[in-house]
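Colleague:
Protein chains in written order, with my numbering: chain A, 1368 to 1825; chain F, 1368 to 1825.
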């Protein structure tokens, strides 16, 4: 009897132990993941604290000073506004606050009008007229949310418009003090919205515009890292970091899917006031242009990385040995050009003239490659087409990449001009010898006040 | 004097005329655009009508039967729920309704607890304790919204949780009838949510799941149309429709950017009940798998269309004439395979065995191509590498596309198996001669109960 109970106890304690262990592992795992989210972007932690702060502020304000008819109605709308309106970025918060305020004002006025109209129709006609008006306004407003421009900028406003209009139109039938209600509602929304805007502006502001700016710069840098990675791979140039490190094959992946993020950041940035070196009319749309071309270039790099993953690029034949240096140079120079473009964006200056030099170098390498190809086969014992095919495709894609890098430079130059970036400092004035590892072709180019890359016919 | 006034009148009337004309053109333009939005997807018009209907229903219900303490409080929450919760798809509406209901229940209970705890601390301690509790809960909840899984499924719930908790915790300090308030709030939300769900379910329901299913099928069809367009272009096969029609170069573009849409549809689909031939546990995640591979394939097609736009593919040299039929066949057969896969998805059946035949045909063409390349240059007077380069790159990309088409078929087969699609009808049993235009290679393949494409080493 005793032994059985001891056994039972043992089983039980074992079971509990296992459960505890399991729970411990799960909790630890969750904690690790949560920690990572905070570490990835510490501003997230700050944002959470800011929301808590704004909400506590408004709550306590209404707790101590119940406005108008007790806390219920008025304070509720202030709390509601803070919870719904406070977004991660300043632009998001301002956009939602203004949308909410404007829509409430407009819908309130229309609601009063509807109420007045319905009153004219007598007691029997009133609900019918109100019903019809609510139906028409809700249906039409909902439809406008499908119009891209409205959806992009005023989606939340339309929602609040429908909401407020219905509330005012229908509630008006019971309470006659619509005007006071409207005053109350607007003042609470104002307090809630102003609290959000002030907190998000004054305590470590997160600017959607700056985020967009940095995102574009870092996306270009990622392409640069990929291209330089390919360059090392082709040339077997083993630098200190890149020893058998294939991570560069993955860097560009996130660029492929950044369209939605870029667009929402650009939408929010439109609402932001002048901050830092960004003026009120900063050309945010041009960032989307640059982003689009960067994504097309990332598409090419995706194919390139596919070529490298699928078929080990071998430099065996005489022909491959001949074109290898050109391939290395093309990807390295393109990578360098993009890196400088990215740095220029980061520093808010227009791309330096050395970018044009890198482009010229990469184009020289492309021409070299074309020369070699024209003379193929130079001898009878060269490898067949089937064998050199992977290398040829890589070379062709690299030539295409040069074109896209040029497009990126042109679009960034346009952006720099429109946004008033500071002029790039000319590193060298007068005669400049391009950075060139080969001694046999010494391109000598005169650089004056060159701003745009030198267009070279493809 | 008279003449001057007549002149003035004339100028005025001219000005008014011009203004009217201008307004007329603008209004016409706007009407055209709006009409197009409705025509693109007539369900949008239906959705707008449904929202208006649900809102009118709830408004009038509360207009005629003011529950509890007059219209103000209770009816307001029902209207608010309808406006905020009614989404385009059934899944979206259910997701938001359940999130709202669940979060309100949970936050209400916690709010009562917080209120009880604060009461214990005396009149002076109460606001401090409440303030601290609101701060902590708001900050922690806001942070959880950054966790991807929470963001995907419960973002709206967390928002409502913060809102309700703050309201209950702070308002409780004034009103003692929290329990009644909670009952009232929940019942109104229930009525609002139920109205939305019923209206969106019963009147021409828009299923996010079905939309996702059709989107994947139509994306695959788009790739197929692109590939068949390329095939015609390469082969100069002028069909009745394709005369100088370059629109096929654009078809695949929308596929490249469909990731965000697919993901949001899959999220909503998860909430939908069993509908049509979609069961409750339909493997929606697998659609995202297929979608990802389809997008990679679209990336290749983007490069291919770039090749064709940039450099006119010329079939001049002997070599190019040799590889041209293979290229035509590869893209045509891949296009046909994708078309059949798309049709199979549309009909909810697993891809038919003829898909495997098309794959075999396209691989045979690829092998043929490799043969030709191995023997290059077969004669001395052939074009140089530089000249045949565009055609070579096209050929190489087409070979890559075959691999992706195979991957698409495999992933669709997996989907068909997990989702319980009906078995494809075998068109031919026994010995089958593949569709093959060339007479010189008669592949004869025995097809039994083949479901997966025949794996051929690359």
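From the three backbone atoms N, C-alpha and C, an ideal C-beta is built for every residue, glycine too.
Nothing here was measured: the structure is a model prediction, and the numbers come from that model.
Which word fits residue 1491 of chain F, buried or exposed, when buried means at least 16 other C-beta atoms lie within 10 angstroms of its C-beta?
Modeller: Exposed is the call here.
Colleague: Checking 7 Å against the spacing of the C-beta atoms, do residue 1619 of chain F and residue 1583 of chain F come in under that value?
Modeller: Cβ atoms of residue 1619 of chain F and residue 1583 of chain F: not closer than 7 Å.
Colleague: Closer than 7 Å, CB to CB, is residue 1382 of chain A near chain F or not?
Modeller: It does not; no Cβ of chain F falls within 7 Å.
Colleague: Comparing alpha-carbon positions, which option in A/1378, A/1706, A/1757, A/1550 lies nearest residue 1471 of chain A?
Modeller: Looking at the Cα atoms, A/1550 is the closest of the given residues.
Colleague: Is there at least one Cβ from chain A nearer than 7 Å to residue 1355 of chain F's Cβ?
Modeller: Nothing can be reported for residue 1355 of chain F, as the shown portion of chain F is limited to 1368 through 1825.
Colleague: So, are the CB atoms of residue 1398 of chain F and residue 1425 of chain F less than 7 Å apart?
Modeller: Cβ atoms of residue 1398 of chain F and residue 1425 of chain F: not closer than 7 Å.
Colleague: Using Cβ-Cβ distances below 9 Å, what residues of the stretch 1767-1786 of chain A are close to chain F?
Modeller: Here the close residues are 1767, 1770.
Colleague: Using alpha carbons as the reference points, say which of F/1621, F/1672, F/1636 lies closest to residue 1575 of chain F.
Modeller: The shortest C-alpha separation from residue 1575 of chain F is found at F/1636.
Colleague: Going by the CB atoms, is the gap between residue 1718 of chain F and residue 1708 of chain F shorter than 7 Å?
Modeller: In contact: residue 1708 of chain F and residue 1718 of chain F (Cβ atoms closer than 7 Å).
Colleague: With a 10 Å radius around its C-beta and 16 neighbouring C-beta atoms as the bar for buried, classify residue 1396 of chain A as buried or exposed.
Modeller: Classification for residue 1396 of chain A: exposed.
Colleague: Can you name, in chain order, every residue of its own chain whose Cβ lies under 7 Å from the Cβ of residue 1478 of chain F, other than the five neighbours on each side?
Modeller: Closer than 7 Å at Cβ, skipping near neighbours: 1531, 1532, 1535, 1536, 1539.
Colleague: Assuming residue 1512 of chain F and residue 1501 of chain F make a contact with CB atoms under 8 Å, what is their CB distance in whole Å?
Modeller: That belief does not hold up - the Cβ atoms of residue 1512 of chain F and residue 1501 of chain F are roughly 17 Å apart, past 8 Å.
Colleague: Is the Cβ of residue 1419 of chain F closer than 7 Å to any Cβ of chain B?
Modeller: Any reference to chain B falls outside this structure, whose protein chains are A and F.
Colleague: At 7 Å on the CB atoms, spell out the chain A contacts of residue 1423 of chain F, in chain order.
Modeller: In chain order: 1498, 1501, 1502.
Colleague: Verify the CB distance criterion: does residue 1606 of chain F have a CB-CB separation below 7 Å to chain A?
Modeller: Model confidence at residue 1606 of chain F stands at a pLDDT of 42, short of 50, so the residue's coordinates are unreliable; what they give is reported in the following sentence. With 7 Å as the cut-off, residue 1606 of chain F does not count as an interface residue toward chain A.
Colleague: Please state the DSSP three-state secondary structure of residue 1625 of chain A.
Modeller: If DSSP states are grouped into helix, strand and coil, residue 1625 of chain A belongs with coil.
Colleague: Any residues in the stretch 1562-1593 of chain A with a beta carbon nearer than 7 Å to a beta carbon of chain F? Which ones, in chain order?
Modeller: So the list is empty, because no residue satisfies the distance condition.
Colleague: List, in order along the chain, the chain F residues whose C-beta lies closer than 8 Å to that of residue 1760 of chain A?
Modeller: In chain order: 1759, 1760, 1763, 1764.
Colleague: So, are the CB atoms of residue 1453 of chain A and residue 1418 of chain A less than 7 Å apart?
Modeller: Yes, Cβ-Cβ distance for residue 1453 of chain A and residue 1418 of chain A is below 7 Å.
Colleague: Going by DSSP, what residue range makes up the alpha helix (DSSP H) through residue 1737 of chain A?
Modeller: From DSSP, the alpha helix (DSSP H) with residue 1737 of chain A extends over 1720-1741.
Colleague: For the stretch 1442-1486 of chain A, list the alpha helix (DSSP H) runs that are entirely contained and at least 4 residues long, ordered along the chain.
Modeller: The qualifying runs do not exist here; there are none.
Colleague: So which residues of chain A does residue 1442 of chain F contact, with C-beta pairs closer than 8 Å?
Modeller: What residue 1442 of chain F touches in chain A: 1537, 1538.
Colleague: When burial is assigned at 16 or more other CB atoms within 10 Å of the CB, is residue 1604 of chain F buried or exposed?
Modeller: Note that residue 1604 of chain F scores 42 on pLDDT, short of 50, meaning its location in the model is unreliable; the coordinates nonetheless yield the value given after this. By the 10 Å Cβ count, residue 1604 of chain F comes out exposed.
Colleague: Can you name the residues of chain A whose CB is closer than 9 Å to the CB of residue 1550 of chain F?
Modeller: What residue 1550 of chain F touches in chain A: nothing, since even the nearest Cβ is about 16 Å away.
Colleague: Going by Cα to Cα distance, which pick from F/1558, F/1516, F/1427, F/1529 is closest to residue 1476 of chain F?
Modeller: Selected option, being the one with the closest Cα: F/1529.
Colleague: At what residues does the alpha helix (DSSP H) containing residue 1597 of chain A begin and finish?
Modeller: Where residue 1597 of chain A is concerned, the enclosing alpha helix (DSSP H) stretches over 1575-1602.
Colleague: Here's the rule: buried if 16 or more other CB atoms are within 10 angstroms of the residue's CB, otherwise exposed. What is residue 1736 of chain A?
Modeller: Residue 1736 of chain A comes out buried.
Colleague: Give the residues from the stretch 1612-1641 of chain F that approach chain A closer than 9 Å (Cβ to any Cβ), ordered along the chain.
Modeller: The stretch 1612-1641 of chain F vs chain A, Cβ under 9 Å: 1623, 1624, 1626, 1627.
Colleague: Since I believe residue 1527 of chain A is in contact with residue 1482 of chain A (beta carbons under 8 Å), could you give me their beta-carbon distance rounded to a whole number of angstroms?
Modeller: Between residue 1527 of chain A and residue 1482 of chain A the Cβ distance is about 18 Å, and since that is not below 8 Å, they are no contact.
Colleague: Closer than 7 Å between beta carbons: that is the criterion. Which residues of the stretch 1706-1730 of chain F meet it against chain A?
Modeller: For the stretch 1706-1730 of chain F, which is checked against every Cβ of chain A, not one residue is closer than 7 Å.
Colleague: Whose C-beta lies closer than 8 Å to the C-beta of residue 1629 of chain F among residues of the same chain, with five residues either side of it excluded?
Modeller: Contacts found: 1579, 1582, 1583, 1654, 1655, 1658.
Colleague: Kindly say whether residue 1751 of chain A, judged by its beta-carbon, lies nearer than 7 Å to any beta-carbon of chain F.
Modeller: True, the Cβ-Cβ gap to chain F drops below 7 Å.
Colleague: Verify the CB distance criterion: does residue 1452 of chain F have a CB-CB separation below 7 Å to chain A?
Modeller: It does not: the Cβ of residue 1452 of chain F has no partner Cβ on chain A nearer than 7 Å.
Colleague: Nearest chain F C-beta to residue 1669 of chain A closer than 7 Å, yes or no?
Modeller: Taking Cβ atoms only, chain F reaches closer than 7 Å to residue 1669 of chain A, which makes this a yes.
Colleague: Exposed or buried, which one is residue 1685 of chain A when buried takes at least 16 other CB atoms within 10 Å?
Modeller: Classification of residue 1685 of chain A: exposed, given that the 10 Å Cβ count is below 16.
Colleague: Output needed for residue 1566 of chain F: all residues of its chain with C-beta closer than 7 Å, excluding positions within five of it in sequence on either side, in chain order.
Modeller: Excluding positions up to five away in sequence, the list reads 1417, 1420, 1421.
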